[in-house]
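Working notes, structure below.
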Amino acid sequence: MKKQNEDFAIIHNTTKGQVLITREPEDEHEIITIWVRLEDIGMAKFKMTIKDEDLADRAFEKYKDYEVTKTAINSVLNQEYL
Numbered sequence: 038m039k040k041q042n043e044d045f046a047i048i049h050n051t052t053k054g055q056v057l058i059t060r061e062p063e064d065e066h067e068i069i070t071i072w073v074r075l076e077d078i079g080m081a082k083f084k085m086t087i088k089d090e091d092l093a094d095r096a097f098e099k100y101k102d103y104e105v106t107k108t109a110i111n112s113v114l115n116q117e118y119l
């Protein structure tokens, strides 16, 4: 049976849209997915596969801070969306 973390989803509501961050344990890695729904551009999905569980824990904890999430999204999209 797959292990489920106590915190497996984070939601950030913004004036421009909504960000959902999910974490799913797999057999040999963790998957962190950032789902972005923005009024201007629609939906975007960013998926990270992380083999080190400790690193995945730290990354997921960081994404609880909206400013960290905002910086990551804007960097990937190369524009100020959030």
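Taking our numbering, the leading residue of the sequence shown gets 38, the next gets one more, and so forth.
Ideal placement from N, C-alpha and C gives every residue a C-beta, glycine not left out.
Just so you know, these numbers come straight off a predicted model, no measurement behind them.
Backbone CA spacing between residue 101 and residue 58 [nearest angstrom]:
Within the sequence shown, the letter at position 64 stands for residue 101. Within the sequence shown, the letter at position 21 stands for residue 58. In a straight line, the C-alpha of residue 101 is about 9 Å away from that of residue 58.
Answer yes or no: do residue 85 and residue 69 have a C-beta to C-beta separation smaller than 9 Å?
If you number the sequence shown from 1, residue 85 lands on position 48. If you number the sequence shown from 1, residue 69 lands on position 32. Taking 9 Å as the Cβ cut-off, residue 85 and residue 69 qualify as a contacting pair.
Hey, residue 49 and residue 103 are a contact pair by Cβ (cut 8 Å); roughly how many whole angstroms apart?
By 1-based counting over the sequence shown, the position of residue 49 is 12. By 1-based counting over the sequence shown, the position of residue 103 is 66. Going by Cβ atoms, the distance from residue 49 to residue 103 rounds to 5 Å, so yes, they are a contact pair.
Quick check on DSSP: helix, strand or coil for residue 42?
Taking the first residue of the sequence shown as 1, we reach residue 42 at position 5. Residue placement at residue 42 is poorly supported in this model, since its pLDDT is 49, which falls under 50; the coordinates still yield a value, given next. Coil.
For residue 115, the three-state DSSP class (helix, strand or coil)
Numbered from 1 along the sequence shown, position 78 holds the residue referred to as residue 115. In this structure, residue 115 counts as coil in the three-state DSSP scheme.
For residue 71, collect the residues of the same chain with a Cβ closer than 6 Å to its Cβ; drop the 5 residues on either side in sequence, then sort them by chain order.
Counting from one through the sequence shown, the residue named residue 71 turns up at place 34. Excluding positions up to five away in sequence, the list reads 58 and 83.
What first and last residue would you give for the alpha helix (DSSP H) that runs through residue 99?
Position 62 of the sequence shown, counting from 1, holds the residue named residue 99. Run containing residue 99: 90 to 99, per the alpha helix (DSSP H) assignment.
Between which residues of its own chain and residue 46 is the CB-CB distance below 6 Å, once the five residues before and five after are set aside?
Your numbering for residue 46 matches position 9 in the sequence shown. Here the set comprises 59.
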